[in-house]
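Residue numbers (our numbering): 5 to 975.
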């Protein structure tokens, strides 16, 4: 009975067919899908980390919501009709249930893989499958599983089913499903025979997510592009490399255009900015004293902690400097008191390599042989180990670019009696790495200069240059030591043969990120030569599609890493690793990487100009809104060589806030750890940068509608406004992988933020109209040297972004966290149905153990009725030998019945239930006396009663026998 009750309890949960997987899930009507837990609804169920139920379907995600007809999950999940779905990217059609990383199902097909699902009409499973009808794509992940198709998808794009129109779940991610797209999704595609299965599933996914496309109107070029997706989206890729995606690039551009306070660089008062006094020095290239520009700079720092090194009471910084408009790019050593923040206290020790460039002394020879940015750290012998970019100008290549390679040198330092510092010698100067692997003629992990020089992009039968859009990069080495003392260099590079630049990259969906809607729209824009945007200056539509397509074919920026061997003052390359970051197809430049360790986590930062990317429409929009497109990107990881995740989920950390030609425009951001113990500055890094773009951009003024440099005008306005060090500011880095710009600003040129560092409240402003000099507003300028597009540009006046502190109002979105609806998930009071487990009160069924009444069977020993078997001695004709009566001693054998002492076991059945059994035994007298105790001794009278009863029984039996014998004789 107890078992029956238990079965009945289960029956409340299972009414039809069970489905097996890792765990089993069931459904009462159409379909069920199982993953980690169980959910139920009237027509379908699906599971995930959390579960919800609705009248017709349930879908899981990190969080789950429900509605009268459907529920959906998002990172991006969509369901239609009466279906349930679970996955990073999962979708089901008709009345089906699906489980997978990416799964496809149709109304009458089934596929089996690692897990199993069942429904009244179909079940589908696969590791990676194209998705039909109401499929989904992951919102912003880049694993091969999202797009890989080991898989099966239907050969038909969509079935015409009017019932689906009202039950399609609204897709999650970047888009909203519309009636229009739903109708399109339910129309028969006339060219379905031209699309392969992978393309079919992808298109349906995009339509279900709101893509405004009509497959009936696809051009042949679009069909051809879609049919290439399977080939290039499923090839094996290195999983140690993190992809900076097309979607993340667009996020960076959008955040920049919004001037979002979380990322926005503070406004600085233009009239407070000064040239660096130490930048007025002898130019190592021209040999003349000049007011030089200063740009990419870095401190001599501890390679393990990243803190600024204390070299004999001095802090040291190495910087790129040169005379404006002279293409002079060389390294200089600057120094100041350790821990000091006095901008005027910086001194210049001069050109580091002066006299150490072989026979190259001045002029064009030095122009052709330059030193670019890098990093440095102190050695125990007091010398400085420098890592830098050695660049040689090559005229034999198509783009006449600089041949970059990573180099290193040991600097012997001298502290003079007057407190000045000079460089005593430069030793062991040599090229360290050019990108080439020992086992390959080309670069396997990283592109070599020779690979790049011979990589002529052929596009529509023509050679393409696009103003040097295809850049070669092997530069900006940054030294870092792990806790075991292993030395690594992180640097800017370009991807090598393992993941090389080509038009094929356009057809690899892993490069896009975002959901299927975003991927489809971006793909069609990239292959559309006529894709156009409105030019801000002329107001005319300009075609950018062809430019975007070529750029996407050439883009292959990467951040690489190598392990060093050899001695500290003469290092070699010990091991070459895969890139830790790749922007193939997305950007051709992510530069100046540097790493800061906070706790046990490595934070990687890198600067980028978005106009070096392939999404022209996105960065042009940023230019329209702000007038510049520079950003800092960031990632974090527990390890140095792999596993980096994008900060803030999109990789965006800092965005520019003012036009590129303003005095307060900044770039080349470099993060260093802070030493302050003030709780306000916990988990912060100090952001350093240079300010004012090079080559006197801030000195141009508007004369008759043209940007001109007027020497007289310049002198009347306090002289030249050169590139200088910007005020530094603080960035909070939270343990959860998010960041935020803080409203704390220092003096210009602060590298060491400590307890004595002063905050400068006079140099920061909340007003954009204080961030430019009077003549800078509205000046047209050739931004070819800054923004790279080579077009005249009129800067825009950003609407004061900090007034929209209202964006903080988006804290209201925190209210969405309130979505009491989630409390509805608590509604899965249905789990209260587990109160049915209260049915486990059925364990009262353990009363069934009363079934051990079978032990009452021991009462069967009372069945010494077996002695009736002695009736068998009916042959007691033997009794004629009355002497046999003496055999009653045999009844002593009934002492065997003493075995009924087993009935003493009925002591166990102290439960009265045992007495009830004796009734069944028919032994009324015996049962009445069971367990009766003598008042004197407390002993039971059971034994006495049993012996007397046996004697009486024996006597009665004998008498009976005699009587029977007499009767027989009479008869």
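Each residue gets a CB set at the ideal place from its N, CA and C atoms; glycine is no exception.
Could you check the C-alpha separation between residue i and residue j for me, to the nearest Å?
i           : j           : result
residue 590 : residue 617 : 6 Å
residue 424 : residue 418 : 8 Å
residue 327 : residue 278 : 17 Å
residue 325 : residue 299 : 6 Å
residue 603 : residue 765 : 30 Å
residue 213 : residue 517 : 15 Å
residue 710 : residue 702 : 14 Å
residue 567 : residue 599 : 15 Å
residue 606 : residue 640 : 6 Å
residue 498 : residue 587 : 9 Å
residue 656 : residue 717 : 39 Å
residue 221 : residue 412 : 58 Å
residue 129 : residue 649 : Only weak support is given to the placement of residue 129: the predicted model assigns it a pLDDT of 35, under 50, and the value that follows is read from those uncertain coordinates. About 29 Å.
residue 719 : residue 672 : 28 Å
residue 596 : residue 777 : 29 Å
residue 471 : residue 526 : Note on residue 471: pLDDT 46, under 50, position unreliable in the model; the coordinate value appears next. Whole-angstrom Cα-Cα distance: 23 Å.
residue 268 : residue 741 : 18 Å
residue 287 : residue 236 : 51 Å
residue 247 : residue 560 : 11 Å
residue 582 : residue 564 : 7 Å
residue 708 : residue 240 : 58 Å
residue 407 : residue 456 : 10 Å
residue 101 : residue 637 : With a pLDDT of 34 at residue 101, under the threshold of 50, the modelled position of that residue is not reliable, and the figure given next carries that caveat. Taking the straight line from one Cα to the other gives about 40 Å.
residue 779 : residue 653 : 40 Å
So who's on the other strand from residue i, going by DSSP bridges?
i           : result
residue 284 : 295
residue 455 : None; residue 455 has no bridge partner.
residue 767 : In DSSP, residue 767 forms no bridge with anything.
residue 695 : 670, 728
residue 579 : 567
residue 390 : 380, 413
Is residue j closer than 8 Å to residue i when the C-beta atoms are compared?
i           : j           : result
residue 290 : residue 330 : yes
residue 432 : residue 374 : no
residue 646 : residue 244 : yes
residue 691 : residue 669 : no
residue 535 : residue 548 : yes
residue 746 : residue 688 : yes
residue 260 : residue 635 : yes
residue 585 : residue 594 : yes
residue 510 : residue 530 : yes
residue 633 : residue 626 : yes
residue 352 : residue 389 : no
residue 378 : residue 451 : no
residue 481 : residue 410 : yes
residue 662 : residue 760 : no
residue 483 : residue 307 : yes
residue 356 : residue 335 : yes
residue 285 : residue 354 : yes
residue 624 : residue 541 : no
residue 420 : residue 426 : yes
Among the candidates the options, whose CA atom is the shortest distance from the CA of residue i?
i           : options            : result
residue 314 : 761, 756, 956      : 756
residue 502 : 739, 615, 440, 249 : 440
residue 301 : 628, 422, 695, 226 : 695
residue 729 : 376, 737, 772, 282 : 282
residue 449 : 543, 242, 309      : 242
residue 383 : 504, 395, 571      : 571
residue 664 : 782, 340, 321      : 782
Hey, quick one: how far does the alpha helix (DSSP H) through residue i stretch, first residue to last?
i           : result
residue 478 : No alpha helix (DSSP H) holds residue 478; DSSP gives it neither H nor E.
residue 525 : 520-530
residue 406 : Where residue 406 is concerned, there is no enclosing alpha helix (DSSP H), although the beta strand (DSSP E) it sits in stretches over 406-419.
residue 593 : Note, residue 593: premise wrong, no alpha helix (DSSP H); not H, not E.
residue 233 : 224-237
residue 505 : First-last for residue 505: undefined, no H or E at that position.
For the beta strand (DSSP E) holding residue i, just list the boundary residues, first then last.
i           : result
residue 498 : 491-498
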